[in-house]
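There are 2 protein chains.
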Amino acid sequence: VSISKKPYKGTRDFFPTQKRMQNYFFSKMSKAAESFGYEPYDGPMLEEVELYKAKSGEELINDQIYSFTDRGERFVAIRPEMTPTVARMVSQVHKEVSKPIRWYSIPNLYRYERPQKGRLREHWQFNCDIFGANDIFGELEILQIAINLFKSFGADHTMFEILLNDREIVDNVFKEVLKVDEETSYKLYKIIDRYKKVTPEAFDKTLNELNLDANCIKELKEYLKLNKTSDVIEYLKSKNLSDTSKRLENLSTHLNLLQLSDFIVYDPTIVRGLDYYTGLVFEIFDKNPDNRRALCGGGSYANLLKIFNEPELGGTGFGLGDVTLENFLVGHKLLPEFSTPKNDILITFQDDIATTQAMQVASELREQGLKVITTLDKTKINKVFNLAEKKGTQFVALIGSDEVTSKSIQIKNIKTKSQEQFKITDITKIQDYLKV
Amino acid sequence: VSISKKPYKGTRDFFPTQKRMQNYFFSKMSKAAESFGYEPYDGPMLEEVELYKAKSGEELINDQIYSFTDRGERFVAIRPEMTPTVARMVSQVHKEVSKPIRWYSIPNLYRYERPQKGRLREHWQFNCDIFGANDIFGELEILQIAINLFKSFGADHTMFEILLNDREIVDNVFKEVLKVDEETSYKLYKIIDRYKKVTPEAFDKTLNELNLDANCIKELKEYLKLNKTSDVIEYLKSKNLSDTSKRLENLSTHLNLLQLSDFIVYDPTIVRGLDYYTGLVFEIFDKNPDNRRALCGGGSYANLLKIFNEPELGGTGFGLGDVTLENFLVGHKLLPEFSTPKNDILITFQDDIATTQAMQVASELREQGLKVITTLDKTKINKVFNLAEKKGTQFVALIGSDEVTSKSIQIKNIKTKSQEQFKITDITKIQDYLKV
Numbered sequence: 451v452s453i454s455k456k457p458y459k460g461t462r463d464f465f466p467t468q469k470r471m472q473n474y475f476f477s478k479m480s481k482a483a484e485s486f487g488y489e490p491y492d493g494p495m496l497e498e499v500e501l502y503k504a505k506s507g508e509e510l511i512n513d514q515i516y517s518f519t520d521r522g523e524r525f526v527a528i529r530p531e532m533t534p535t536v537a538r539m540v541s542q543v544h545k546e547v548s549k550p551i552r553w554y555s556i557p558n559l560y561r562y563e564r565p566q567k568g569r570l571r572e573h574w575q576f577n578c579d580i581f582g583a584n585d586i587f588g589e590l591e592i593l594q595i596a597i598n599l600f601k602s603f604g605a606d607h608t609m610f611e612i613l614l615n616d617r618e619i620v621d622n623v624f625k626e627v628l629k630v631d632e633e634t635s636y637k638l639y640k641i642i643d644r645y646k647k648v649t650p651e652a653f654d655k656t657l658n659e660l661n662l663d664a665n666c667i668k669e670l671k672e673y674l675k676l677n678k679t680s681d682v683i684e685y686l687k688s689k690n691l692s693d694t695s696k697r698l699e700n701l702s703t704h705l706n707l708l709q710l711s712d713f714i715v716y717d718p719t720i721v722r723g724l725d726y727y728t729g730l731v732f733e734i735f736d737k738n739p740d741n742r743r744a745l746c747g748g749g750s751y752a753n754l755l756k757i758f759n760e761p762e763l764g765g766t767g768f769g770l771g772d773v774t775l776e777n778f779l780v781g782h783k784l785l786p787e788f789s790t791p792k793n794d795i796l797i798t799f800q801d802d803i804a805t806t807q808a809m810q811v812a813s814e815l816r817e818q819g820l821k822v823i824t825t826l827d828k829t830k831i832n833k834v835f836n837l838a839e840k841k842g843t844q845f846v847a848l849i850g851s852d853e854v855t856s857k858s859i860q861i862k863n864i865k866t867k868s869q870e871q872f873k874i875t876d877i878t879k880i881q882d883y884l885k886v
Numbered sequence: 451v452s453i454s455k456k457p458y459k460g461t462r463d464f465f466p467t468q469k470r471m472q473n474y475f476f477s478k479m480s481k482a483a484e485s486f487g488y489e490p491y492d493g494p495m496l497e498e499v500e501l502y503k504a505k506s507g508e509e510l511i512n513d514q515i516y517s518f519t520d521r522g523e524r525f526v527a528i529r530p531e532m533t534p535t536v537a538r539m540v541s542q543v544h545k546e547v548s549k550p551i552r553w554y555s556i557p558n559l560y561r562y563e564r565p566q567k568g569r570l571r572e573h574w575q576f577n578c579d580i581f582g583a584n585d586i587f588g589e590l591e592i593l594q595i596a597i598n599l600f601k602s603f604g605a606d607h608t609m610f611e612i613l614l615n616d617r618e619i620v621d622n623v624f625k626e627v628l629k630v631d632e633e634t635s636y637k638l639y640k641i642i643d644r645y646k647k648v649t650p651e652a653f654d655k656t657l658n659e660l661n662l663d664a665n666c667i668k669e670l671k672e673y674l675k676l677n678k679t680s681d682v683i684e685y686l687k688s689k690n691l692s693d694t695s696k697r698l699e700n701l702s703t704h705l706n707l708l709q710l711s712d713f714i715v716y717d718p719t720i721v722r723g724l725d726y727y728t729g730l731v732f733e734i735f736d737k738n739p740d741n742r743r744a745l746c747g748g749g750s751y752a753n754l755l756k757i758f759n760e761p762e763l764g765g766t767g768f769g770l771g772d773v774t775l776e777n778f779l780v781g782h783k784l785l786p787e788f789s790t791p792k793n794d795i796l797i798t799f800q801d802d803i804a805t806t807q808a809m810q811v812a813s814e815l816r817e818q819g820l821k822v823i824t825t826l827d828k829t830k831i832n833k834v835f836n837l838a839e840k841k842g843t844q845f846v847a848l849i850g851s852d853e854v855t856s857k858s859i860q861i862k863n864i865k866t867k868s869q870e871q872f873k874i875t876d877i878t879k880i881q882d883y884l885k886v
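Chains A and B are the protein sequences, given in the same order.
If you use this note's numbering, the first sequence corresponds to residues 451 to 886, in order.
If you use this note's numbering, the second sequence corresponds to residues 451 to 886, in order.
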């Protein structure tokens with residue numbers, strides 16, 4: 451019986467082309483975070499299930515998590531998200547290290563889902579968090595990192611936007627304007643979270659099921675119409691809730707000063723579902739009409755360490771997955787070509803006697819930090835150039851029996867069609883010739 | 451109830467210090483492979499269990515693998531090694547791509563083991579393979595990559611050695627000299643594989659259980675005494691098995707020509723257990739008397755694609771784990787310090803009014819590719835330098851109300867104790883000053 455060649459359902463094989471693309475993503479992500487002094491971390495792929503239960507409740511655990519009992523009767527899960535891990539790790543060290551703690555990671559995460567566009571059973575997710583930052587400045591930094599990351603791929607404000615809100619505003623509108631109780635408030639969060647994903651009729655239908663009074667529904671619809679920071683400030687003022695908008699106002703001022711307002715849109719429907727956020731919440735949306743969806747989300751939280759019996763330590767963070775990022779970049783034609791590797795030189799020989807000479811020159815050039823491919827068989831000259839193209843080298847070395855006698859190699863520059871002969875001892879001269 | 455802060459048993463949290471060390475390892479590994487034109491790949495963490503069963507037999511599956519049944523009744527495993535995955539992937543593309551195929555990966559692997567020194571339940575393993583290479587030249591390349599990698603950490607031949615053997619030699623000695631049947635041959639492989647791990651008495655005892663005749667034991671002991679390539683060549687000649695040593699002889703000649711013989715030792719006890727190797731087998735051994743153990747292993751195989759009903763495609767590969775590598779480097783005092791990050795400048799302000807100016811300069815410097823940390827609160831000058839040290843920056847910027855008025859910043863070079871004032875618009879001048 452033959453074994454399947456395909457990867458496990460919903461997962462991906464990264465052949466060199468795909469892996470180079472992934473390395474490109476990872477490198478941009480690391481640079482964006484490190485330019486703000488964020489430090490890398492990682493945790494294990496497996497965590498005990500109780501960690502997720504404590505944070506997310508039973509729902510996520512039962513439906514989407516990969517969990518199993520190990521041979522030592524521990525109930526473990528493959529991590530579906532990074533936040534519980536980072537919270538666990540921060541809880542170990544936050545008392546000793548200086549604040550704010552700025553950390554980033556690019557973990558591989560698994561969820562048991564029906565695979566579909568932009569959603570597989572695994573993805574790699576850039577996670578960036580700041581803990582213990584004062585006031586709005588941690589939030590500002592996280593938003594800057596997200597914007598800089600997208601810009602580093604060549605994206606601008608015509609391609610993506612950050613829709614943001616503040617859960618304190620939502621909480622206050624529900625409590626003080628709509629005057630609904632906690633249970634209804636919880637249900638409203640769920641309904642509003644799905645606002646963009648359903649038709650207006652479907653939205654109204656779910657809303658009606660809550661049996662709210664007419665005035666409450668009117669007030670809710672008025673709130674849901676807000677789409678500018680200045681309007682929400684005005685609105686909260688009119689409801690005697692000015693204090694509630696202070697933070698958003700301050701954040702908005704600083705985004706302005708840093709000339710980032712073009713990327714920002716206030717959106718009353720961004721609430722980040724039943725998540726653990728307590729302040730700022732945001733989603734980065736693709737402006738591509740064919741891919742109108744959230745690319746990533748984030749926000750501020752006050753109580754992540756609570757489950758470890760640790761004192762409160764607030765933070766802000768966001769996560770961006772590689773699958774949605776790829777869809778975004780493809781849609782805006784921002785994805786470079788990765789099908790060919792990049793190497794410095796292809797060293798070939800045209801006579802068996804030249805094998806050793808080829809290997810020796812290759813070794814010396816590698817010691818100088820060059821990427822050198824050698825053929826392992828003698829290669830006809832007419833095949834050399836095609837091979838060089840496949841291997842992404844601009845230079846090819848040819849070594850025949852004449853070159854062995856004269857202890858030299860011929861090097862051709864494929865682009866300029868020039869050619870030079872070097873003594874094999876002249877490694878520095880060869881190196882200079884290969885510099886383009 | 452408080453949740454545990456510790457990682458799951460046998461796994462590791464990578465705090466920034468550890469993650470920087472890991473990045474250092476990964477970067478050296480990638481460079482060693484890419485200097486030979488090896489291309490990166492990766493596969494999923496989860497594979498269907500039948501893939502491992504087909505390759506390794508039931509034993510590994512039952513004892514050491516993390517396996518479970520998913521919600522769709524698929525029997526899956528967290529990958530315990532990379533070879534089955536790379537074989538599966540190569541089987542998809544080998545007909546279309548030019549040979550040899552040179553690939554490397556650094557996957558995270560899991561095995562259910564009792565955690566001990568140098569052996570956890572997970573590790574990250576550098577895997578490097580060449581498929582479809584002619585003759586001994588693929589093997590030569592793999593050995594070179596392994597040696598270059600160790601050298602790139604500062605190691606030399608006084609610190610590690612490559613013990614190598616050829617399974618064809620062992621096969622032929624068993625069959626033609628010892629004249630044992632296949633079943634006994636299989637058992638002998640197992641016993642010899644444990645030669646270095648047991649006392650001579652224990653070895654003799656297990657050997658006696660095979661009930662070999664006296665001559666056979668005498669011949670085996672003679673074989674086991676060989677410890678030089680020249681001796682094994684001589685030995686095989688004396689047994690009329692000269693052909694069997696041709697490959698080893700050829701490999702040895704080329705290792706000599708590339709001046710790598712110092713790293714190589716012939717070792718008749720290296721057989722790589724019941725693994726899938728069919729030709730060259732090798733282990734890299736730590737010469738540190740306190741850590742006398744195999745750091746990594748590899749070899750040549752002829753039939754990896756068989757389970758996919760694909761034509762034969764030979765290859766050579768090796769794997770090196772991060773845990774054993776770390777133990778090696780620590781033992782030889784080759785591990786650099788990673789406790790402090792590296793940043794370019796710490797930007798601080800001494801007056802709230804200077805917040806915006808600090809953030810604006812920081813933004814502009816980041817756009818130039820610099821790593822810039824800003825404080826988010828006003829910071830007293832006497833605390834600035836201690837903070838800079840922790841953040842690994844040689845420069846600190848100070849901005850008070852005077853600097854706001856004059857639209858400037860002061861920058862101190864902590865090492866030289868010099869200091870200069872710059873207009874905040876002079877980003878190029880600031881950049882030049884920060885170049886060290």
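C-beta: ideal position from N, C-alpha, C; glycine also.
In this structure, what does DSSP give as the bridge partners for residue i?
i                 : result
Tyr-554 (chain A) : A:Pro-490, A:Cys-578
Asp-616 (chain B) : B:Leu-730
Leu-848 (chain B) : B:Thr-798, B:Gln-860
Gln-566 (chain B) : B:Arg-569
Glu-497 (chain A) : A:Ala-527
Kindly indicate which residue of the options has the alpha-carbon position closest to the one of residue i.
i                 : options                                    : result
Arg-561 (chain A) : A:Gln-575, A:Ser-680, A:Thr-467            : A:Gln-575
Ile-859 (chain A) : A:Glu-699, A:Asp-631, A:Ala-804, A:Gln-514 : A:Ala-804
Gly-781 (chain B) : B:Asp-736, B:Arg-816, B:Thr-790, B:Gly-767 : B:Asp-736
Leu-559 (chain B) : B:Pro-530, B:Ala-583, B:Thr-535            : B:Pro-530
Asn-832 (chain A) : A:Lys-821, A:Leu-848, A:Gln-818            : A:Leu-848
Phe-732 (chain B) : B:Pro-739, B:Asn-738, B:Asn-741, B:Tyr-751 : B:Tyr-751
Thr-467 (chain A) : B:Gly-723, B:Tyr-491, B:Pro-557            : B:Tyr-491
Lys-841 (chain B) : B:Glu-787, B:Ile-592, B:Ile-823, B:Val-547 : B:Ile-823
Exposed or buried, which one is residue i when buried takes at least 16 other CB atoms within 10 Å?
i                 : result
Phe-835 (chain A) : exposed
Lys-629 (chain A) : exposed
Val-854 (chain A) : buried
Asp-772 (chain A) : buried
Thr-878 (chain A) : exposed
Tyr-636 (chain A) : exposed
Asp-794 (chain A) : buried
Ser-868 (chain B) : exposed
Gly-819 (chain B) : exposed
Pro-663 (chain A) : Sequence inspection shows Asp at residue 663 (chain A); the Pro mentioned does not correspond to that position. It counts as exposed.
Please state whether DSSP places residue i in a helix, a strand or coil.
i                 : result
Phe-872 (chain A) : strand
Leu-763 (chain B) : coil
Asn-677 (chain B) : coil
Gln-807 (chain B) : helix
Ile-528 (chain A) : strand
Gly-944 (chain B) : Given a span of 451 to 886 for chain B in the structure shown, any question on residue 944 (chain B) remains unanswerable.
Thr-825 (chain A) : coil
Ile-714 (chain B) : strand
Tyr-458 (chain B) : coil
Thr-790 (chain A) : coil
Inset, instruction - Determine, using beta-carbon pairs with one atom in the stretch 589-604 of chain B and one in the stretch 480-500 of chain B, whether at least three such pairs fall under 8 Å. - result: Counting Cβ pairs under 8 Å, three or more are found: they touch.
Legend entry - Meets three-Cβ-pair contact criterion under 8 Å: the stretch 522-529 of chain A and the stretch 491-504 of chain A: With a cut-off of 8 Å on Cβ pairs, the stretch 522-529 of chain A is in contact with the stretch 491-504 of chain A, counting three or more such pairs.
Legend entry - Three-pair Cβ contact test at 8 Å for the stretch 611-622 of chain A versus the stretch 709-720 of chain A: A contact exists between the stretch 611-622 of chain A and the stretch 709-720 of chain A.
Inset, instruction - Decide if the stretch 693-710 of chain A is in contact with the stretch 808-817 of chain B; the criterion is three or more beta carbon pairs, one per stretch, under 8 Å apart. - result: The stretch 693-710 of chain A is in contact with the stretch 808-817 of chain B.
Inset, instruction - Report yes or no: do three or more beta-carbon pairs, one from the stretch 761-778 of chain A and one from the stretch 576-584 of chain A, lie closer than 8 Å? - result: Cβ pair count under 8 Å is three or more, so yes.
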